[in-house]
Structures are given as structure tokens and as C-alpha cells.
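Q:
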Amino acid sequence: MRSPSSALVLFSGGQDSTACLAWALARYARVETLGFDYGQRHVVELQCRQQVLAELRAQFPAWGERLGEDHLLDLRLLGQISDTALTDGRAIEMAASGLPNTFVPGRNLLFLTFAAALAYRRGASVLVGGMCETDYSGYPDCRDNTLKALQVALSLGMDAPMTVETPLMFLTKAQTWAMTQALGGEALNALIVEHTHTCYLGDRTQRHAWGYGCGHCPACELRARGHAEHLAEAAA
């Protein structure tokens with residue numbers, strides 16, 4: 089039997105997926121995590137995700153009791169067939185398609201399909217992802233309609249209900265900081281600043297008020313702006 093109390097979180101080790109993991113831990117009796125090695129330029133996130141999991145267990149014992157097995161899948165084939173700035177050392181810029189060249193075609197579709205297959209085996213019926221169409225780079229596989237359609241396809245294809253939860257879908261980055269503040273207080277936001285990784289270039293040599301990163305790639309700019317807005321709103 090699939091248990092609606094068991095969730096599988098797509099967990100990269102970044103700010104958004106950590107926020108989603110905290111959200112899931114506050115709601116489900118058992119939560120497992122899933123990461124992907126797809127030849128990403130910022131592969132350092134795979135190291136960070138283990139530190140984030142360890143810190144969550146240590147700092148939030150009640151969550152630690154519900155935090156189950158972590159899984160990592162090798163999807164480097166995706167990097168081999170992609171021609172993007174996330175899987176190759178090239179400058180980040182807008183492509184002729186109108187999308188940034190950080191867009192990896194099919195990435196989230198594949199991630200969720202593999203996640204559903206794993207969830208089926210693990211007895212989970214809820215998939216949680218950090219996709220967002222409010223503060224984002226325009227990726228079509230992050231849009232709400234895409235995820236709703238995929239939820240229907242996965243449920244039909246597995247012949248078992250699969251719910252795709254996207255708690256950040258309509259939140260700004262400032263609201264994401266506010267959400268983690270509400271879930272775990274200053275301790276959780278401090279953990280996110282110190283241990284998560286979101287920078288597209290994989291730069292962990294520079295520490296900012298909002299975390300580590302190059303400070304100028306689209307991911308860093310979004311994170312920095314959201315953090316500043318969150319602090320301003322909190323002070324108002």
C-alpha cells in the first residue's frame with residue numbers, strides 16, 4: 089500500500105530544495121531524499137547536500153526522527169546529451185530560444201519520472217520538488233501546468249496515485265526565506281546560509297550574507313535579492 093504519510097523530496101543541497109525538505113519534514117511521518125548526479129557544473133552541491141542532511145538531523149531532532157534514507161542516482165547521460173551552461177564551462181547568457189542557456193531540456197521531467205519509480209518501490213506516494221514560476225529563470229519545466237500534467241501522467245503510468253507537491257511554486261525568494269524562518273526559525277535560515285549551495289558556477293570561495301556563491305550568476309542574484317527583501321520586510 090502507498091502511504092500518503094511518506095514523501096520523497098528531490099533534494100539537490102540548494103536553498104530551495106532545503107526549504108522543501110523542511111516543509112515536508114513538518115508534514116509527513118517519513119521523508120526520504122533523492123539527489124541526481126547529471127554532470128552539473130556545480131557538482132559541489134552533491135557534497136553540500138550530505139552536510140545539510142547531517143545538520144538537519146543534529147539541529148532538529150524531531151525532524152531527524154522522520155528523515156529516512158537518502159538516495160543518489162547517476163544521470164550523467166543527461167549531461168552528455170545536453171548543451172548548456174549548467175553542464176559545460178561556458179558563459180551564462182540568453183539563448184536564441186529566449187531562455188537562458190542554463191536551461192537543461194527535460195531535466196525536471198526526468199528527475200520526477202525517476203523519483204516516481206523510486207517512490208513506488210519505497211512505498212511513497214508524494215513527490216516534493218522546489219520548482220517555482222514566481223522568481224525563476226523562465227524554465228518551462230518549472231511551471232505549474234507542466235507539473236500538474238506530469239502528476240497525471242505519473243499516476244496513470246504507475247497505476248498508483250502520485251502527488252507532486254511544489255510548495256515554492258508561487259513564492260518569491262523573499263517569501264521562501266520567510267517560509268523557512270517560520271518552519272525552523274533563525275537556526276534553519278543560518279543553516280541554509282552556511283551549508284546549502286545554489287550558485288550555478290559552483291563557487292564556494294566567497295561567503296555573502298545570503299550564503300556562498302560567485303555573486304553574479306542568475307542563481308546568486310535571485311538569492312541575494314530575495315534575502316535582502318526578506319530582511320527589509322522583517323524589519324518593517
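Position 174 of the sequence shown, counted from 1, bears residue number 262 in our numbering, the numbering being contiguous throughout. Just so you know, even glycine gets a beta-carbon here, dropped at the ideal spot from N, CA and C. Predicted model, so just to flag it, every value in this text is computed and none were measured.
I need the straight-line Cα distance from T254 to L242, nearest angstrom please.
A: On the sequence shown, position 166 is the one that residue 254 refers to. On the sequence shown, position 154 is the one that residue 242 refers to. The straight-line gap from Cα to Cα measures roughly 15 Å.
Q: To the nearest whole angstrom, what separates the beta carbons of A95 and A205, a pair I think is in contact under 8 Å?
A: For this step, residue 95 is matched to residue 7 along the sequence shown. For this step, residue 205 is matched to residue 117 along the sequence shown. Their Cβ separation, rounded to whole angstroms, is 15 Å, which puts A95 and A205 out of contact at 8 Å.
Q: In terms of DSSP beta bridges, what is G303 paired with?
A: Locating residue 303 in the sequence shown gives position 215, where the first residue counts as 1. In DSSP, G303 forms no bridge with anything.
Q: Determine the extent of the alpha helix (DSSP H) in which H283 is found, giving its start and end residues.
A: Position 195 of the sequence shown holds residue 283. Start and end: K261 to H283.
Q: Are the beta-carbon atoms belonging to Y116 and S93 less than 8 Å from one another?
A: Here the question's residue 116 lines up with position 28 in the sequence shown. Here the question's residue 93 lines up with position 5 in the sequence shown. Yes, the pair counts as a contact, with Cβ atoms nearer than the cut-off.
Q: Assign L244 to buried or exposed, taking buried as 16 or more other Cβ atoms, counted over all protein chains shown, within 10 Å of its Cβ.
A: Here residue 244 is taken as the residue at index 156 of the sequence shown, counted from 1. With fewer than 16 Cβ atoms within 10 Å of its Cβ, L244 is classed as exposed.
Q: Report the residue from H318, T293, C287 and Q147 whose alpha carbon sits nearest the alpha carbon of H304.
A: Within the sequence shown, numbered from 1, the residue matching residue 304 stands at position 216. Ranking H318, T293, C287 and Q147 by Cα distance to H304 puts C287 first.
Q: Apart from the five residues just before and just after D162, which ones in its own chain have a Cβ nearer than 7 Å to its Cβ?
A: Reading the sequence shown from its first residue, position 74 is the one you call residue 162. Closer than 7 Å at Cβ, skipping near neighbours: D125.
Q: When you compare the segment 229 to 237 with the segment 97 to 113, are there three or more beta-carbon pairs, one atom per stretch, that lie closer than 8 Å?
A: Contact fails: fewer than three Cβ-Cβ distances are below 8 Å.
Q: So, are the CB atoms of Y348 and A248 less than 8 Å apart?
A: No information on residue 348 is available, as it lies outside the stretch 89 to 324 that the chain covers here.
Q: Classify G272 as buried or exposed, calling it buried when 16 or more other Cβ atoms lie within 10 Å of its own Cβ.
A: The residue given as residue 272 occupies position 184 in the sequence shown. It is buried - the Cβ of G272 has at least 16 other Cβ atoms within 10 Å.
Q: Return the CA-CA distance between H296 and G314, expressed in angstroms with no decimal places.
A: For this step, residue 296 is matched to residue 208 along the sequence shown. For this step, residue 314 is matched to residue 226 along the sequence shown. So the alpha carbons of these two residues sit roughly 13 Å apart.
Q: Could you compute how far the alpha carbon of V321 sits from the alpha carbon of M250?
A: As a first step, residue 321 is located in the sequence shown; it is residue number 233 there, counting from the start. As a first step, residue 250 is located in the sequence shown; it is residue number 162 there, counting from the start. The amino acid occupying residue 321 in the given sequence is Glu; Val does not appear at that position. Roughly 36 Å separates the two Cα atoms.
Q: Would you identify the three-state DSSP class for D158, choosing helix, strand or coil?
A: As a first step, residue 158 is located in the sequence shown; it is residue number 70 there, counting from the start. The answer is strand: DSSP assigns D158 an E or B state.
Q: Apart from the five residues on each side of it in sequence, which residues of its chain come closer than 6 Å, Cβ to Cβ, to G218?
A: Position 130 of the sequence shown, counted from the start, is the residue given in the question as residue 218. Excluding sequence neighbours, G218 sits near D104, S105, C108 and L256.
Q: Alpha carbons only, please: which of D229, G226 and L160 is nearest the one belonging to F202?
A: Counting from one through the sequence shown, the residue named residue 202 turns up at place 114. Of the listed residues, the one whose Cα sits closest to F202 is L160.
Q: If I measure Cβ to Cβ from L197 and keep anything under 7 Å in the same chain, skipping five residues before and after, which residues do I get?
A: Mapped onto the sequence shown, residue 197 falls at position 109. D229 and L238, listed in sequence order.
Q: Just mark E120 as buried or exposed, buried being the case when its beta carbon has 16 or more other beta carbons within 10 Å.
A: Position 32 of the sequence shown, counting from 1, holds the residue named residue 120. Classification of E120: buried, given that the 10 Å Cβ count is 16 or more.
Q: Round the Cβ separation of L290 and V131 to the nearest angstrom and send it over; I've been treating them as touching at under 8 Å.
A: For this step, residue 290 is matched to residue 202 along the sequence shown. For this step, residue 131 is matched to residue 43 along the sequence shown. A small correction: the amino acid at residue 290 is Gly; Leu does not occupy that position in the sequence shown. At roughly 7 Å, the Cβ-Cβ gap stays under 8 Å, so G290 and V131 are in contact.
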